[in-house]
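Under the working numbering, the sequence shown has 715 at position 28, and the numbering climbs by one with no breaks. Following: one structure in structure tokens, then a few remarks.
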Amino acid sequence: MSKEPAKRELKQERAARTRVEILEAAITLFARRGFLATTMADLARAIHMTPGALYWHFPTKEDLLLAALDELHQRYLTAFEDVLATAPTDSARERLQAFRRHTHAFLKEHREYGIFFGMLTAEAADTHERVAEAIRDKLGHYTRLLEELILEGQRTGELRQDLDAARMAHAVFSAYLGMLMHQNLFRASLDYDPLSTALDALLEGGFLPRG
């Protein structure tokens, strides 16, 4: 093998690693400060890079944000693919319980991911339509998967028939994001685990048939 292809491959690997480092820093800073308050200079300092080098990778802050959203989307799909996949041996209720447990554990381990979505959702809803549309696209994908699971539970009689599956799925995800933002605000006096357990109890009771 000639040296030139090897050099190109090494350069591509370095560029890929740099991109991941940039996206990690962007996710953390956007979660802490929000999109509007975070500048490209802030991001460049966080990864010890010149602003010019950062602009070479991402021409605008919006490009960087959208790339960060795509990166997180792939991480979520990877983390949840086993939970949301069809499992004939598990009932819909068991899969829903597994989904809730997995979500709480995932958000506890990756708090900045949920806060990132929460912060951007609050900021972009009325001020940045392109970003808002990207967030709706990502969150909509998750809610549709959960909606299908709820519909399956309704078909089998495991879950309440009077629920609107689509609206319930949206309510569940908004509850998770809201819980994470709320706990982050009260983190000095409010621990994550008891709060997530309380939310689980509300969701479990809300899904089960009455009577």
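C-beta: ideal position from N, C-alpha, C; glycine also.
Mind the definition here: the region 873 to 893 touches the region 808 to 821 only if three or more C-beta pairs lie below 8 Å; say whether that holds.
-> no
Of all the options Ala858, Leu895, Ile802, which has the alpha carbon lying nearest to the alpha carbon of Arg719?
-> Ile802
Limits of the unbroken alpha helix (DSSP H) element including Gln784 | 779 to 796
Whole runs of the alpha helix (DSSP H) within the region 734 to 770, excluding any shorter than 4 residues | 738 to 744
Close Cβ partners of Pro896 (< 6 Å) along its chain, the five nearest in sequence each way excluded | Arg847
Separation of Tyr879 from Gly892, as counted between CA atoms | 20 Å
My understanding is that Ile734 touches Ile709, with C-beta atoms under 8 Å, so please give their C-beta distance in whole angstroms.
-> 6 Å
Have a look at Leu730, Glu834, Glu711, Arg704 and flag the residue whose alpha-carbon is nearest the alpha-carbon of Val859.
-> Glu834
Smallest Cα separation from Ser861: which of Arg874, Leu838, Ala809, Phe873?
-> Ala809
Mind checking which residues open and close the alpha helix (DSSP H) that includes Gly900?
-> This structure cannot settle anything about residue 900, because the visible part of the chain is limited to 688 through 898.
Note down, in chain order, each residue of its chain lying with its Cβ closer than 7 Å to the Cβ of Lys795, except the 5 sequence neighbours on either side.
-> Tyr879
From Pro738 to Pro746, what does the alpha carbon distance come to, in whole angstroms?
-> 10 Å
With 16 as the cutoff for other CB atoms within 10 Å, does Ala712 come out buried or exposed?
-> buried
Under 9 Å between C-beta atoms of Leu783 and Gly840 | yes
Excluding five sequence neighbours on each side, which residues of the same chain lie with their C-beta closer than 6 Å to the C-beta of Gly721?
-> Met806, Glu810
Outcome for Thr725 when other beta-carbon atoms lying within 10 angstroms are tallied against a minimum of 16 | buried
Taking the C-alpha atoms as reference points, what is the distance between Arg732 and Phe894?
-> 47 Å
Could you tell me if Ala792 is buried or exposed, where buried requires 16 or more neighbouring beta carbons within 10 angstroms of its beta carbon?
-> exposed
Within 10 angstroms of the Cβ of Phe804, are there 16 or more other Cβ atoms? Answer buried if so, exposed if not.
-> buried
Going by the beta-carbon positions, is the gap between Ala852 and Ile837 smaller than 9 Å?
-> yes
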